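Just add 64 to wherever you are in the sequence shown, counting from 1, and you've got the working numbering.
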Amino acid sequence: MRHLVDSMDLSIGEVEELFEIAERIMEKEDDYRNICKDKILGTLFYEPSTRTRFSFEAAMLKLGGQVIGFSEPGSSSVTKGESIADTIRTVGSYVDLIAMRHPKEGAPKHASHYSTVPIINAGDGGHQHPTQTLTDLLTIKETKGRISNLTIGLCGDLKFGRTVHSLIKAISRYENIRFVLISPKELKIPEYIRKEILIKKDIPFSEVETLEEVIDTLDILYMTRVQRERFFNEADYIRLKDSYILDREKLQSAKDDLAILHPLPRVNEISYEVDDDPRACYFKQVKFGMYIRMALIAKLLEVM
Ligand code: NCD
65 MRHLVDSMDL SIGEVEELFE IAERIMEKED DYRNICKDKI LGTLFYEPST RTRFSFEAAM
125 LKLGGQVIGF SEPGSSSVTK GESIADTIRT VGSYVDLIAM RHPKEGAPKH ASHYSTVPII
185 NAGDGGHQHP TQTLTDLLTI KETKGRISNL TIGLCGDLKF GRTVHSLIKA ISRYENIRFV
245 LISPKELKIP EYIRKEILIK KDIPFSEVET LEEVIDTLDI LYMTRVQRER FFNEADYIRL
305 KDSYILDREK LQSAKDDLAI LHPLPRVNEI SYEVDDDPRA CYFKQVKFGM YIRMALIAKL
365 LEVM
């Protein structure tokens with residue numbers, strides 16, 4: 065049985081295969097309307113979510129399956145003090161796979177040790193978010209035609225942003241990738257990503273504090289929200305929250321074929337005037353997120 069807990073749990077070949085399945089589904093959605101008939105997805109969301117939960121649910125429903133779960137742990141026996149292990153054993157006896165989001169780093173991994181069905185990490189604290197990474201990779205592939213030979217700028221909260229950590233890990237396996245890490249000093253990428261991924265694998269990267277000084281060099285600009293819920297202190301959040309605001313003026317010096325991605329939700333970091341720019345890919349990215357999750361569900365349930 066396979067789980068998806070870390071963005072490195074899938075090989076490059078397996079990611080390729082998921083892209084192919086997603087592309088086939090996008091082309092002829094109707095052909096896949098019943099492939100998950102009689103299957104049930106459990107969604108255990110211990111943290112807020114819009115896109116991840118809805119896209120998982122929509123993905124399962126479009127494949128003919130059904131969904132049960134909670135989006136608010138307060139309505140489950142979690143409030144009575146039930147452990148993750150017991151919740152997983154219980155839910156696993158009703159459903160065929162589980163998507164789980166949790167504020168604690170490592171919770172989905174812990175769950176996978178007790179689960180009799182595949183566990184998908186739908187985001188664990190400030191750690192990892194592998195299905196967002198699949199979404200991001202598919203978006204890059206569909207818009208640039210490749211996931212190699214790219215200068216990728218990651219901007220905003222690189223410390224707490226789990227989407228950034230998963231993406232750096234996964235994308236560092238492709239050819240000729242260069243990272244430009246744009247953040248305030250306080251929100252730089254964690255040491256383990258710098259040491260164990262970038263330095264160990266000898267991947268070129270630079271760290272800067274302003275977007276203006278590097279925007280013209282980028283093929284991809286991945287904007288992120290400052291992760292308010294991970295701060296110990298509200299004053300620090302307020303000081304850092306508007307560190308970067310991408311607007312039309314800043315985009316003037318960017319490449320014509322830049323692709324702007326954002327896992328969303330956005331707060332202030334991309335001004336609404338950018339939405340009409342042909343380089344803005346973040347709403348397309350939302351759609352790709354559902355198709356890649358359809359592919360992932362089909363693969364983990366071994367129906368494709
Ligand atoms: C991200 C997350 O939850 O980490 N959102 C998402 O899943 N699309 C990014 C964020 O919350 O900033």
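Beta carbons are placed, not taken as given, at the ideal position from N, Cα and C, and that holds for glycine.
Quantities reported herein were computed from a predicted structural model and do not represent experimental measurements.
Start-to-end residues for the beta strand (DSSP E) that takes in residue i
i, result
"THR215", "214-219"
"VAL272", "269-272"
"LEU282", "Where LEU282 is concerned, there is no enclosing beta strand (DSSP E), given that its DSSP letter is neither H nor E."
"LEU245", "241-246"
"LEU161", "161-166"
"VAL131", "130-134"
Proximal residues to residue i (C-beta, below 8 angstroms), its chain only, five neighbours per side dropped
i, result
"LEU325", "ASP200, THR203, ILE204, ILE284, LEU285, TYR286, MET287, CYS345, TYR346 and GLN349"
"ASP341", "ARG312, LEU315 and ILE324"
"GLU337", "ASP311 and ARG312"
Through-space distance from residue j to residue i, alpha-carbon basis
i, j, result
"SER157", "THR180", "8 angstroms"
"ILE99", "MET65", "19 angstroms"
"ARG237", "SER230", "12 angstroms"
"ALA318", "ALA149", "49 angstroms"
"ASN332", "GLU293", "16 angstroms"
"TYR96", "LYS173", "30 angstroms"
"LYS168", "ASP188", "6 angstroms"
"SER270", "ILE263", "11 angstroms"
"ASP280", "THR274", "12 angstroms"
"SER135", "SER307", "31 angstroms"
"GLU260", "PRO248", "22 angstroms"
"GLU255", "VAL228", "13 angstroms"
"HIS191", "ASP320", "33 angstroms"
"LEU125", "LYS92", "16 angstroms"
"LEU360", "VAL69", "13 angstroms"
"LYS219", "PRO182", "The sequence as given places Cys at residue 219; Lys does not occur at that position. Cα-Cα distance, rounded: 33 angstroms."
"GLU81", "ASP94", "20 angstroms"
heavy atom of the ligand NCD below 7 angstroms from residue i C-beta
i, result
"GLY189", "no"
"HIS229", "no"
"ARG115", "yes"
"PRO327", "yes"
"THR288", "yes"
"HIS193", "yes"
"ARG303", "no"
"ARG226", "yes"
"GLN316", "no"
"GLN291", "yes"
"GLN130", "no"
CB-CB length for residue i against residue j, believed under 8 angstroms
i, j, result
"SER71", "LYS233", "5 angstroms"
"ALA86", "MET358", "7 angstroms"
"ARG242", "PRO268", "5 angstroms"
"ARG303", "ARG330", "ARG303 to ARG330, Cβ: 19 angstroms. No contact."
Residue i - containing alpha helix (DSSP H), residue span
i, result
"GLU313", "312-315"
"ARG303", "298-304"
"THR199", "194-208"
"THR116", "115-126"
"TYR355", "346-364"
"ASP188", "It is not in any alpha helix (DSSP H) - ASP188 instead sits in the beta strand (DSSP E) that spans 183-188."
"LEU108", "Taken as a continuous stretch (DSSP letters only), LEU108 belongs to no alpha helix (DSSP H), being part of the beta strand (DSSP E) at 104-109."
"LEU82", "76-91"
"ALA323", "Note, ALA323: premise wrong, no alpha helix (DSSP H); beta strand (DSSP E) at 323-325."
"ILE148", "148-156"
"PRO172", "171-178"
"SER230", "226-235"
Same chain only: Cβ atoms within 7 angstroms of residue i, ignoring 5 sequence neighbours per side
i, result
"VAL278", "GLY217, VAL244, ILE246 and VAL272"
"ASN240", "SER212 and ASN213"
"PHE352", "THR199, LEU202, THR203 and GLU206"
"VAL155", "GLY106, LEU108 and ILE162"
"LYS103", "GLY129, ASP160 and LEU365"
"MET354", "SER119, ALA122 and ALA123"
Cβ-based neighbour list, residue i, same chain, cut-off 6 angstroms, excluding 5 preceding and 5 following
i, result
"THR116", "ALA186"
"ASP221", "LEU251, THR288, VAL290 and GLN291"
"MET90", "TYR355"
"LYS101", "GLY128"
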